[in-house]
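Have a look at the structure below, then the notes.
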Amino acid sequence: MTNTDTHPDELVCRNGSGGASAEPVQVVEPRDVPLGGLRAMPVRRTLPQRARSLIGAWCFCDHYGPRDLAAGGMDVAPHPHTGLQTVSWLFAGEIEHRDSIGSHAMVRPGELNLMTAGRGIAHTEVSQVPRAGDGAQRDVLHGVQLWVALPDAVRDGPAAFENVRPPSGVDGPLAATVFIGDWLGLRSPATVHSPLVGAELRIAPGKTVDLPVDPAFEYGVLVDAGEVAVDGTPVATAHLAYQAPGRRNLRLSVADGPTDARVVVLGGEPLGEQIVMWWNFVGRAHEEIVEYRRQWMAECGRPDVPATTDVPARFGAVAGYPGAPLPAPTLPHTRLKPRT
Ligand code: MN
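All residue numbers in the sequence shown are consecutive under the working numbering, ending with 328.
What follows is the structure, given as structure tokens:
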């Protein structure tokens, strides 16, 4: 997934002040963002926004589909990342991943693709067309792509990629898959670098579940399907409810209906670091973002940017993708001051 804004803002992101445990939940509205050019697949972005830019180390949340692939799917040309992990989680469909450290993998429902950018990586993501005969549903794409900001101590580390099958469990009206972290007795094998949880929950209609949560964590609940209330506050489809640290339970109620509700829960200990996000880069200062952009454009062979021969490639090339890399947008003229 890439940020395809043609003039993306530079955002300075930090966790909120924490807030009192008695605070009502905050509901963040999604904004629609086209992913790609013609036949662009729209995505609903709830992080980052002015109202909320981080939940733990989670710094980006795109929710898409169910999308009929006949209308155009996901086809994201080689693009770079720094200082983050991408977390690809599907409810339906299939995406092919290739990256500049030689990984080639599919992501399918029930599997997690976790790419650690570290100091730099480039990748492509292409949704797959239906193939007759194997019974798999590939004509619809439906899922989320999430980014995790890497803590300062590891953000310049090596790039990595893993495809894991996280554990699932059922308890009465609740079916849970914990794809990041350790929650509800389920531990994901995925590699993360800060206290973090990510889970898909399905809850039977007409039921309320009270889930034990870590009071040191803040939580977000993204509603994918169903009429859901978080601690009594109704949360519309594609919206993200935020619960501040200090609570020991997360109460999810589902109205009566024909099918299960589905939510994605993102939680974590407030990162405690201020990050700077622009386009597909996470850094700590504007000057770093400028340098990441310069290096990507040089590695892309843009004629207007001289290649440096004294520095090893930060991003590298993606093999097996038929198109040209995505050039970085123009940097904004204004530099944002940190928000307080
Ligand atoms: Mn990406």
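A virtual CB, placed ideally from N, CA and C, is assigned to each residue, including glycine.
Treat the numbers as computed from the prediction; the structure is a model and nothing was measured.
Asked	Found
When L319, T318, H321, G304 are compared against P66, the one with the closest alpha-carbon	G304
Strand pairing of Q262, partner residues [DSSP]	Bridge partners of Q262: none, in fact.
One or two residues paired with A213 in a DSSP bridge	R250
Separation of E82 from G131, as counted between CA atoms	10 Å
Residues that N237 bridges to, as DSSP identifies them	P200
Close Cβ partners of G53 (< 6 Å) along its chain, the five nearest in sequence each way excluded	L129, H130
Alpha-carbon to alpha-carbon, W284 and P315	8 Å
Stretch pair the segment 260 to 269 + the segment 225 to 237: three plus CB contacts closer than 8 Å	no
Nearest-angstrom Cα separation, counted from H227 out to P332	The structure shown does not extend to residue 332, since the chain spans only -11 to 328, so no value can be given for it.
Three-state secondary structure assigned by DSSP to A316	coil
Among F205, L238, E206, the one whose alpha carbon lies nearest that of T221	L238
E113 CB to nearest heavy atom of the ligand MN below 8 Å	yes
Buried versus exposed, by CB contacts within 10 Å (16 or more), M29	buried
Residues near V142 by beta carbon distance below 6 Å, same chain, minus five either side	H181
Buried versus exposed call for P313 [16 or more other C-beta atoms within 10 Å across all chains shown]	buried
Inter-residue CB distance, V75 and L172 (contact presumed, cutoff 8 Å)	Not confirmed; about 18 Å, so no contact.
Burial state of A273, where buried means 16 or more other Cβ atoms lie within 10 Å	exposed
V64 Cβ short of 8 Å to the ligand MN heavy atom set	yes
Beta-carbon proximity list for G169, same chain, < 7 Å, skipping 5 on both sides	S176, V180, L184, V185, G186
Neighbour-count burial assignment, H321, 16 or more Cβ in a 10 Å radius	exposed
Coarse secondary structure for E(-2), derived from DSSP in three states	coil
Between the CA atoms of T70 and Y280 - distance to the nearest angstrom	8 Å
Between the CA atoms of T318 and P(-4) - distance to the nearest angstrom	8 Å
beta-carbon T70 near the ligand MN non-hydrogen atom, thresh 8 Å	no
Backbone CA spacing between V242 and T196 [nearest angstrom]	6 Å
Candidates D198, L240, D202, A192: closest to V209 by CA position	L240
Assigned exposure category for H111 - 16 Cβ within 10 Å defines buried	buried
Opening and closing residue of the beta strand (DSSP E) in which V132 lies	128 to 137
Per DSSP, cross-strand counterpart(s) of C49	L35, L134
Span of the alpha helix (DSSP H), counted from its first residue to its last, around Y230	Element bounds for Y230: not the alpha helix (DSSP H) but the beta strand (DSSP E), 228 to 231.
Proximity test, H67 beta-carbon vs the ligand MN heavy atom, cut-off 8 Å	yes
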